[in-house]
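Number 179 in full-length UniProt numbering belongs to position 179 of the sequence shown; there are no gaps in the numbering. We put the CB at the ideal spot given by N, CA and C, even for glycine.
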Amino acid sequence: MASNPSPPSSAGTPDNRTKIEALYKPKNNRKKKLWICVGISVAFGVVVAIVLAVLITQNILHVKAKTDATRPDANAAAASTTTAASASTPTSGSGADEDAGADSATTTRAGSRSRPHATASTTSSVPEATACPTKSDIPSADRGTDLDTTTWLDMTDFNCSYTSETVGGLPIVGLNSSWDNSKQANSGVPPLSKPWGSYASRPARGVNLGGWLSIEPFITPSLFAYDFSAGIVDEYSLSKYLGKKAAATLEKHYATFITEQDFKSIADAGLDHVRIPFSYWAVAVYDSDPFVFRVSWRYLLRGIEWARKYGLRVKLDLHGLPGSQNSWNHSGRQGQIGFILGQNGAKNAQRALDIHDQLSKFFAQDRYKNIIAFYGLANEPGNSIPLDQLASWTADAYKIVRDNGVDAVQVFSDSLRSLQTWEGELQGYGDSLVLDTHEYVIFDNGLLAMKHAAKISFACDTWTQQIESSVKSGFGPTMVGEWSQADTDCTKYLNGVGNGARWSGTFSDTKGTPRCPTGDEQCSCDLANADPSQFSTEYKLFLKTWAQAQMRAFEKGWGWFYWTWKTEAAPLWSYQAGLAAGIMPESAYKSDWECSDPVPNFGKLPEYI
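Below is the structure:
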């Protein structure tokens with residue numbers, strides 16, 4: 001069904017690192033001018049050269065990275081490896097650069113693999129404030145756009161120098177010119193400068209940064225604190241409601257919800273990977289999209305650099321696709337699937353391929369070859385999309401990404417089907433393509449109704465068997481990209497803004513029929529939504545054992561990524577909160593309970609809480 005994977009492009013390409021460095025060290029032109037001066041007056045030229053060198057070295061004289069004279073032609077043809085022309089031209093939204101395609105005058109294909117495990121000797125620091133441009137230094141065409149660093153809310157660890165250069169049509173502005181791959185997340189894993197090895201032998205232990213660059217109501221309910229009549233249920237409706245205020249609101253969230261300290265804490269917890277969900281509007285917007293265009297892009301790039309600083313490998317995850325791939329709020333727009341299916345399904349499927357064309361050209365640069373371990377193609381496509389069409393799109397996306405020079409293992413979702421469904425599908429890719437499944441017990445009425453001890457046995461027995469079978473005799477490489485400690489669906493907005501919970505019988509398809517193990521009016525969401533300080537000793541023991549049972553089961557495959565690192569008020573969905581409450585193991589790679597151990601006695605822990 002799927003075409004055989006094509007080998008990576010072997011065409012040599014310019015070194016994009018050199019290209020970036022050149023932007024911030026534009027001294028060659030001055031040297032040429034000085035040689036002309038030398039021809040007129042050698043003595044005078046030598047004096048001028050010495051004076052200029054001293055001023056620049058002492059950071060007294062600052063040099064602009066770009067000027068209007070060197071700005072690339074805005075009408076340069078867009079570089080693209082896709083051939084279908086069904087997708088309409090992306091638009092930028094109000095006040096942004098209208099060309100979201102790749103600029104052939106400045107784009108480098110970045111397919112070279114000459115340094116697969118390079119380690120830079122230094123990491124350049126953020127330019128001093130006095131070196132940052134003023135509004136008048138920004139070309140008029142770019143003032144007020146995402147390229148205008150004078151308008152950025154947060155400059156921490158960004159390079160503030162102006163540049164309009166792009167790779168794959170995506171801006172490099174904000175990147176520092178060097179990087180350091182010497183760090184390791186913990187003593188049990190290799191530094192970024194060395195290969196990870198086999199994920200089958202050393203599984204990933206990671207966490208998602210959910211709700212950061214792709215917002216979700218249950219993770220940050222404060223962003224959705226409007227009267228229900230306003231109809232604000234997802235990022236689409238929120239952005240439309242806020243209008244011109246949307247960019248400032250969301251950038252404040254990007255700048256504050258996840259910080260460098262979070263990456264440090266993730267590494268300190270014994271985790272070694274981070275999955276970073278982001279959505280297509282980080283790259284392009286279309287038609288009447290109200291989404292904030294490309295502001296999240298620079299925060300994604302900074303997040304990758306923070307991960308690098310603490311030795312964490314990255315799994316990129318395209319979480320929201322054009323048209324919505326599953327109709328749920330975390331795709332950006334709740335309602336109906338418009339990806340592959342529907343009147344614009346084919347157009348949106350092509351748009352998604354175009355997004356991957358741009359992304360993969362950008363992330364094929366040398367600076368990303370060590371740190372980006374996994375490249376996610378589409379988060380949770382709806383299971384109503386025909387399998388053959390989804391597999392065909394996945395094969396097309398894989399080829400684009402691989403041909404553009406990305407070395408990372410590509411990841412495709414089981415689309416909420418059983419793992420067995422993918423046996424025999426998308427074969428011939430070896431270890432360069434991995435199947436991603438998301439495991440929860442709270443969205444299925446039968447699993448939700450299991451008692452505490454039964455849930456632990458289910459993880460150790462059923463999930464272990466399913467993962468092992470998928471790896472050995474099913475699709476092949478398999479990982480768990482999402483799971484959580486939550487044992488109920490009680491969290492506010494988890495099932496959507498304004499919806500209730502299956503557990504208590506207040507969800508739309510369980511009205512009046514609680515699905516907790518007792519199945520009666522005792523079923524309560526009070527404890528599940530309480531602060532962990534109110535949890536009983538027995539409940540804490542269950543939660544910690546439940547977490548470790550899942551970890552051990554999922555390590556039978558290529559590893560796991562917990563959903564998620566941080567929430568505003570949902571502790572059973574927050575790895576960070578779990579650590580603070582003592583209901584997560586202190587280190588992800590150390591356990592005080594194994595599936596081979598007896599299930600603990602949880603005393604008089606009620607089954608209805």
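Inter-residue Cα distance where the pair is residue i and residue j
{"i": "residue 643", "j": "CYS595", "result": "Because the chain in this structure spans residues 1 to 609, residue 643 falls outside the shown range and cannot be described."}
{"i": "ARG205", "j": "LEU271", "result": "5 Å"}
{"i": "TRP463", "j": "GLU380", "result": "19 Å"}
{"i": "ASP180", "j": "SER193", "result": "9 Å"}
{"i": "GLY609", "j": "ALA486", "result": "Per the sequence shown, residue 609 should be read as Ile rather than Gly. When rounded, the distance between both Cα atoms is 12 Å."}
{"i": "LYS556", "j": "TRP563", "result": "19 Å"}
{"i": "LEU153", "j": "VAL599", "result": "50 Å"}
{"i": "TRP297", "j": "SER279", "result": "9 Å"}
{"i": "ARG333", "j": "ALA247", "result": "17 Å"}
{"i": "GLN325", "j": "VAL434", "result": "19 Å"}
{"i": "CYS523", "j": "SER265", "result": "35 Å"}
{"i": "PHE443", "j": "GLY211", "result": "19 Å"}
{"i": "ASN186", "j": "LYS472", "result": "29 Å"}
{"i": "SER177", "j": "ASP157", "result": "12 Å"}
{"i": "SER288", "j": "CYS132", "result": "34 Å"}
{"i": "THR394", "j": "SER533", "result": "45 Å"}
{"i": "PHE374", "j": "PRO277", "result": "12 Å"}
{"i": "PRO221", "j": "LYS492", "result": "8 Å"}
{"i": "PHE228", "j": "MET584", "result": "35 Å"}
{"i": "ALA454", "j": "LEU301", "result": "42 Å"}
{"i": "PHE535", "j": "HIS452", "result": "15 Å"}
{"i": "GLU425", "j": "ILE400", "result": "19 Å"}
{"i": "SER469", "j": "ASP268", "result": "33 Å"}
{"i": "TRP558", "j": "GLN427", "result": "18 Å"}
{"i": "THR150", "j": "TYR162", "result": "9 Å"}
{"i": "ASP592", "j": "THR437", "result": "26 Å"}
{"i": "ASN370", "j": "VAL274", "result": "14 Å"}
{"i": "GLU521", "j": "MET450", "result": "17 Å"}
{"i": "ARG294", "j": "ALA349", "result": "20 Å"}
{"i": "LEU416", "j": "TRP560", "result": "16 Å"}
{"i": "SER392", "j": "TRP281", "result": "24 Å"}
{"i": "LEU175", "j": "ASN159", "result": "6 Å"}
{"i": "GLY430", "j": "PHE475", "result": "10 Å"}
Buried versus exposed, by CB contacts within 10 Å (16 or more), residue i
{"i": "PRO217", "result": "buried"}
{"i": "residue 610", "result": "This structure leaves residue 610 out entirely; the chain is present only between 1 and 609."}
{"i": "residue 685", "result": "It is not possible to answer for residue 685, since the shown part of the chain is limited to 1 through 609."}
{"i": "ALA230", "result": "exposed"}
{"i": "GLY197", "result": "exposed"}
{"i": "residue 639", "result": "Given a span of 1 to 609 for the chain in the structure shown, any question on residue 639 remains unanswerable."}
{"i": "ALA225", "result": "exposed"}
{"i": "GLN548", "result": "buried"}
{"i": "LYS604", "result": "exposed"}
{"i": "THR545", "result": "buried"}
{"i": "THR488", "result": "buried"}
{"i": "THR513", "result": "exposed"}
{"i": "VAL134", "result": "A small correction: the amino acid at residue 134 is Thr; Val does not occupy that position in the sequence shown. It counts as exposed."}
{"i": "THR249", "result": "exposed"}
Residues bridged to residue i (per DSSP)
{"i": "THR478", "result": "LEU435"}
{"i": "TRP483", "result": "GLU439"}
{"i": "VAL274", "result": "VAL207, VAL314"}
{"i": "VAL167", "result": "LEU170"}
{"i": "GLY320", "result": "SER279"}
Residue interval of the beta strand (DSSP E) (run including residue i)
{"i": "PHE224", "result": "Looking at the DSSP string, PHE224 is not in any beta strand (DSSP E), and its letter there is neither H nor E."}
{"i": "PHE412", "result": "409-413"}
{"i": "PHE374", "result": "372-376"}
{"i": "TYR254", "result": "Counting along the chain, TYR254 falls outside any beta strand (DSSP E), though it belongs to the alpha helix (DSSP H) covering 246-257."}
{"i": "GLY559", "result": "559-562"}
Residue interval of the alpha helix (DSSP H) (run including residue i)
{"i": "GLY446", "result": "445-448"}
{"i": "residue 685", "result": "Because the chain spans 1 through 609 in this model, residue 685 falls outside it and cannot be assessed."}
{"i": "GLY578", "result": "575-581"}
{"i": "THR464", "result": "464-472"}
{"i": "ARG350", "result": "Residue identity differs from the one stated: residue 350 is Gln in this sequence, not Arg. Its alpha helix (DSSP H) spans residues 345-363."}
{"i": "ALA569", "result": "Premise fails: ALA569 is in no alpha helix (DSSP H) and is neither H nor E."}
{"i": "THR537", "result": "537-554"}
{"i": "ILE456", "result": "452-458"}
{"i": "LEU242", "result": "235-242"}
{"i": "GLY303", "result": "295-309"}
{"i": "LYS264", "result": "260-268"}
Requested in this report: Decide yes or no for the touch test of the segment 509-527 against the segment 565-579: beta carbon pairs closer than 8 Å, at least 3 of them.
Outcome: Taking 8 Å as the limit for Cβ pairs, the verdict is that the segment 565-579 does not touch the segment 509-527.
Query raised in the report: With a cut-off of 8 Å, do at least 3 Cβ pairs link the segment 401-420 to the segment 474-481?
Result: By the Cβ rule, the segment 401-420 counts as touching the segment 474-481, because three or more pairs are nearer than 8 Å.
Query raised in the report: Just checking, does the segment 496-504 make contact with the segment 220-234 on the three C-beta pairs under 8 Å criterion?
Result: yes
Report task. Determine contact between the segment 361-377 and the segment 314-330, defined as no fewer than three beta-carbon pairs at a distance below 8 Å. Result -> yes
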